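A.B. asks: Numbering (this note's numbering), first residue to last: 18 to 164. For every residue, glycine included, the Cβ atom is placed at its ideal position computed from N, Cα and C. Nothing here was measured: the structure is a model prediction, and the numbers come from that model.
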Amino acid sequence: MANLLVFQRTILDSKFNFYKFIAINKAKSPMLSSFSLSDNIIGFIIDGPYNEISIEKIQTQVYEKLEVYDKVSLYIEDTVNADISLKAVVKSFPFKIKTANRFERVAVVTDRKWLQLLSTLEKLFFNADLRVFTTEQRLQAIQWISH
18 MANLLVFQRT ILDSKFNFYK FIAINKAKSP MLSSFSLSDN IIGFIIDGPY NEISIEKIQT
78 QVYEKLEVYD KVSLYIEDTV NADISLKAVV KSFPFKIKTA NRFERVAVVT DRKWLQLLST
138 LEKLFFNADL RVFTTEQRLQ AIQWISH
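1. Can you give the Cα-Cα distance for residue 65 and residue 128, rounded to whole angstroms?
2. Measure the beta-carbon distance from residue 120 to residue 82 and round it to whole angstroms, keeping in mind my assumption that it falls under 8 Å.
3. Is residue 75 closer than 8 Å to residue 61 when the C-beta atoms are compared?
4. In whole angstroms, what separates the C-alpha of residue 106 from that of residue 118?
5. Just how far apart, CA to CA, sit residue 147 and residue 137?
6. Work out the CA separation of residue 54 and residue 163 for me, nearest whole Å.
7. So, at 6 Å on beta carbons, what are the nonlocal neighbours of residue 96 in its own chain, with the 5 sequence-adjacent residues on each side left out?
8. Following a CB-centred definition, is residue 87 positioned closer than 7 Å to any heavy atom of the ligand FAD?
9. Near residue 157, what residues of its chain come up, given a Cβ to Cβ distance below 7 Å and the 5 sequence neighbours on each side ignored?
Below is the structure:
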C-alpha cells in the first residue's frame with residue numbers, strides 16, 4: 018500500500034511540474050501568428066507577450082521577404098491578449114528606420130490609443146503609406162493592404 022501511495026504521489030508531482038513547466042514557458046513565449054496575404058505582403062497577429070523573441074521573429078520574416086522583393090507590405094494586429102510594452106516598441110525602432118524605404122504599405126490594427134498615436138508619428142520615418150485601423154476595421158485594413 019505504501020508503494021502505491023508513493024507511486025501516485027510521484028505521478029501527481031510529475032503532472033504538477035509538467036503543467037507548471039508549460040505555464041511558465043507559455044508566459045515567456047510569444048503568441049505570434051504570421052501569414053501571407055500575397056507574395057510581398059506579410060502579416061502578424063500578436064496575441065501574447067510582445068518581447069525580444071517576437072521582435073526577432075517579425076524582423077527575420079520581414080528580412081526574408083526583402084531578400085526576394087524590393088518592397089513589401091506589412092499588416093500587424095494586436096489582440097486584447099497582447100502584452101505590448103513601450104520598451105519593446107522602442108527596441109524595434111532601429112529596424113524600422115533601417116528598412117523604412119523598403120515598405121510599400123503598412124497597416125496597423127489596434128484599439129490601443131497609445132499605439133495608434135505612436136504609429137501615426139512613425140509616418141514621419143516611413144516612405145510607405147502607413148494607416149492605422151481599429152479592430153472593428155480589420156476587414157478594411159486587409160482589403161486596403163491587399164490592393
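C.D. replies: Put simply:
1. 15 Å
2. The pair is not a contact, with the Cβ atoms about 10 Å apart (cut-off 8 Å).
3. yes
4. 19 Å
5. 8 Å
6. 7 Å
7. 64
8. You won't find the ligand FAD in this model; it holds no ligand whatsoever.
9. 150
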